[in-house]
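>
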Amino acid sequence: MSVVTPEQERAMLRTMLTIRRFEERASSAFHAGDIHGVVHCYIGEEAVATGVCAALTREDKIISTHRGHGHCIAKGADLNRMMAELYGRQAGYCKGKGGSMHIADFDIGMLGANGIVAGGISIITGAGLAAQLDGLGRVAVGFFGDGASNAGPFHESLNIAACWKLPVIYVCENNLWAVNTPAASSVSVRDIADRAAGYGIPGVVVDGNDVLAVLEAASAAVARARAGQGPTLIECKTYRHRRHTERPDQLDERPAEEVQAWLRQDPIERQVMRLREQQGQLNDEEWQAMEREVLRAVDAAVAFAQASPVPLPESALEDVFAP
Amino acid sequence: MRTISYAAAITEALAEEMRLDPTIFHLCTDAPGPLLREFGPTRVRATPIAESAMTGIAIGAAASGYRPIVDWRLVTFCFVAMDQIVNQAAKIHYMFGGQAKFPITFRTTVGGGTRRAAQHSQSPYSMFMNLAGLKMVLPSTPYDMKGLLKSAIRDDNPVIVFEAGRLAALTGEVPESDYTIPFGVADIKRAGSDVTVVALAWLVHEALAAAQVLATEGISVEVIDPRSLVPMDADTIRDSVRKTGRLVIADEAGPTAGASAEIAALVTEDARTFAALKTSLERVCALPVPVPYAPGLEDHVFPDRKRIADAVRRVMGEQRSRTAG
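This is how it looks when you write it as structure tokens:
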């Protein structure tokens, strides 16, 4: 693949940082009672969404999971409309009707976060079929977790995509835990990418906390798909820094040492280190400026959300059907 | 006007719509021969046996500018797709705030009478009726089928077209022209003045047969075919019951929380219609059991013209007839 420029590397860092700061604010807003229901933080996994989406164009489509804010941001969504949706406001992406688990921006090809494990995998396979029928070389990317790789839709979708050579990239974010059930005891193979062989498609294991490695793997898979060579399964080894949800009663049964070890593999710190030490491409001033800009954007999103009106009650009756 | 079968009306509607709109494609575990021959394997796809994935694929393709038709075949096979139907298709337009449209047609066969026992003889449409976000129709004639299936395909929302298995060979007059029937419009299949019988699918024809016999007994039966389950035409049903004052509902599904219960509620919750009722209503439904195999058992489970006629006589205040007919 073509050489990644320093600008692109900085852009990816900015995206990861934006996701991180957005998620931190969303968590505090949830704990303050401004965001309702549930929030599933993407903190720690930012390199996966960022690296994959950096290989895509606006016309390519993605779908996500219950942990979908990161993918939405990486695909290019507007932070204001995202935060407004989390705050349940009329100006939110879904007019306040979806919330965190249904955050979406169809205009930029983000077909939604989905509250059902594996619920989006066959949907994005359909977007891949549409891309194949369109004949314009576009691709579709489905994000899902280790838990979803055990569920029926994963297996059905990979089989069909393989049979029909659909331009779909299946990205498994293996963060080693499905809520509080370890992948070690619930996934029959150690590397989920090995399941690709069962469907006759390539499977790739990637350090999911190395955004450049993710980009490289994604770019190769995207190129295959655009060339009509069919689907790929990419398994990104990663870890969520926080509990499964931000709910106060959410248990976290993961061993403390394991959590600490993964915190030391923070994808943002690793990218900062690479830019600064290996390439001399990010000095203190630039890094601080980036932080300030990102925080400003997140602050603005919160301000926008807080100032947005709540939906009128009667609007609950709208949008059941398209006209 | 020429006469064609219910099954032929389906194929005709599909082919005509696919000729008109190149974004339509058809998914089924067996590609239907006539469509495959005319439109080829790209648009008429044989799929692996994976109804959940087929349903999800239709949703994703619909969001991406296509107009998929998914044939689940017997309704029993769609149960593995319930997450995609209930949690995705029914809700996807609403929970994303109307960001995209999902023009999908689901085709599926319902009903029994084929001696294929519990899993293959079902009419579970009321399960889907209770959800918000799905439209559904249940045509009982070739004419209704062609017009409603075309409407379903042209609708920009997920629509389930329930095809009554027992009616596949039923023939009827069907215009060769392009016509559609709107959703939410019931059809008065037979005008009458003494009793309203609201019947679904195959039982429309059983109700019509019962009406002929009852006419010889001096009972005038009005048979109403809702045709459209969601939206359902409450006005036509209520108008009829206000005229006759008596209601029998005939549905091949079991009674509990069925379409028959919904129709009963539509009638009794309307004050004017309730006031017009001369007696309590009757429902003629399948026995509340899984459908058994042995012919005698299956026939005992399902309602037919005799049970409909008996119900009519009861609401007319007469004892149940001891003679056949």
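Residue numbers (my numbering), protein chains in the order written: chain A, 1 to 323; chain G, 1001 to 1325. Cβ atoms here follow ideal geometry from the backbone N, Cα and C, with glycine treated the same way.
Using a Cβ-Cβ distance under 8 Å, would residue 302/A count as near chain G?
Among the residues facing chain G, residue 302/A is not included, as its CB has no counterpart in that chain under 8 Å away.
> Could you tell me which of 1074/G, 1178/G, 1283/G sits nearest to residue 1165/G, measuring between CA atoms?
When each option's Cα is compared against that of residue 1165/G, the closest is 1074/G.
> Show which residues of chain A have a CB atom less than 8 Å away from the CB atom of residue 1101/G.
Under the 8 Å cutoff, chain A gives 322.
> What runs of the alpha helix (DSSP H), each 4 residues or longer, lie entirely inside the stretch 1202-1266 of chain G?
You should have 1202-1216, 1234-1244.
> Please check the pair residue 104/A and residue 93/A, which I expect to be a contact at CB under 8 Å, by giving their CB distance rounded to whole angstroms.
6 Å
> Nearest to residue 200/A by alpha carbon, out of 158/A, 223/A, 186/A?
158/A
> Buried or exposed: residue 317/A, going by 16 or more other Cβ atoms within 10 Å of its Cβ?
exposed
> For residue 166/A, which three-state DSSP category applies?
Reduced to three states, the DSSP call for residue 166/A is coil.
> Can you check whether the C-beta of residue 1095/G is within less than 8 Å of a C-beta belonging to chain A?
yes
> Using the three-state DSSP reduction, which class does residue 310/A fall into: helix, strand or coil?
coil
> Does DSSP put residue 1071/G in a helix, in a strand, or in coil?
strand
> Below 7 Å on C-beta distance, what does residue 1083/G contact in chain A?
116, 119
> What are the residues of the stretch 1015-1039 of chain G that lie near chain A, defined by any Cβ-Cβ distance shorter than 7 Å?
Contacts with chain A (Cβ-Cβ distance below 7 Å) from the stretch 1015-1039 of chain G involve no residue at all.
> So, does the stretch 166-185 of chain A touch the stretch 1070-1087 of chain G, judging by three or more C-beta pairs under 8 Å?
no
> Would you report the Cα separation of residue 332/A and residue 272/A, rounded to the nearest angstrom?
The first residue shown for chain A is 1 and the last is 323, placing residue 332/A beyond what the model contains.
> For residue 1005/G, which three-state DSSP category applies?
strand
> Which residues in chain A have a C-beta closer than 8 Å to the C-beta of residue 1047/G? List them in chain order.
160
> Grouping DSSP H, G and I as helix and E and B as strand, with all else coil, what is residue 152/A?
In the structure shown, residue 152/A adopts helical secondary structure according to DSSP, grouped into three states.
> Relative to the C-alpha of residue 1276/G, which residue among 1040/G, 1304/G, 1246/G, 1010/G is closest?
1246/G
> Could you work out which residues of chain A lie near residue 1157/G, taking near to mean beta carbons separated by less than 8 Å?
At a C-beta separation below 8 Å, residue 1157/G has these neighbours in chain A: 321, 322.
> Name the DSSP bridge partner or partners of residue 1276/G?
In the DSSP output, where bridge partners are listed per residue, residue 1276/G has none listed.
> Given a cut-off of 8 Å on the beta-carbon distance, is the pair residue 102/A and residue 1102/G in contact?
no
> For residue 125/A and chain G, any beta-carbon pair shorter than 8 Å?
yes
> Any chance you could list the alpha helix (DSSP H) runs of at least 4 consecutive residues sitting entirely within the stretch 111-139 of chain A, in chain order?
Within the stretch 111-139 of chain A, the complete alpha helix (DSSP H) runs of at least 4 residues are 121-134.
> Got a sec? Which residues, its chain only, sit under 7 Å from residue 1160/G by beta carbon, not counting five neighbours each side?
1106, 1108, 1128, 1134, 1136
> Can you give me the Cβ contacts of residue 1018/G inside the same chain, cut-off strictly under 6 Å, excluding the 5 residues immediately before and after it?
1024, 1039
> Going by C-alpha distance, which of 289/A, 83/A, 126/A, 49/A is nearest residue 303/A?
83/A
> Give a yes or no on whether 8 Å exceeds the smallest Cβ distance from residue 1088/G to chain A.
yes
> What ranges does the beta strand (DSSP E) occupy inside the stretch 1085-1162 of chain G, keeping only unbroken runs of at least 3 residues that lie completely in it?
Unbroken beta strand (DSSP E) stretches of 3 residues or longer found wholly inside the stretch 1085-1162 of chain G: 1105-1110, 1135-1137, given in chain order.
> Looking only at C-alpha atoms, which of 206/A, 176/A, 289/A, 190/A sits nearest to residue 170/A?
206/A
> For residue 102/A, go through chain G and note every residue whose CB falls closer than 8 Å to its CB, in chain order.
Ordered by position in chain G, the residues that pass the 8 Å Cβ test against residue 102/A are 1095, 1096.
> How is residue 80/A classed by DSSP in three states: helix, strand or coil?
If DSSP states are grouped into helix, strand and coil, residue 80/A belongs with the helices.
> Return no unless some Cβ of chain G is closer than 8 Å to the Cβ of residue 153/A.
It does: the Cβ of residue 153/A has a partner Cβ on chain G nearer than 8 Å.
> Under 8 Å, with one C-beta from each stretch per pair, do the stretch 1046-1061 of chain G and the stretch 1082-1090 of chain G reach the 3-pair mark?
yes
> Please list, in chain order, the chain A residues whose beta carbon lies closer than 9 Å to that of residue 1056/G.
119, 120, 121, 122, 123, 124, 125, 126, 153, 156, 157
> Just how far apart, CA to CA, sit residue 15/A and residue 79/A?
12 Å
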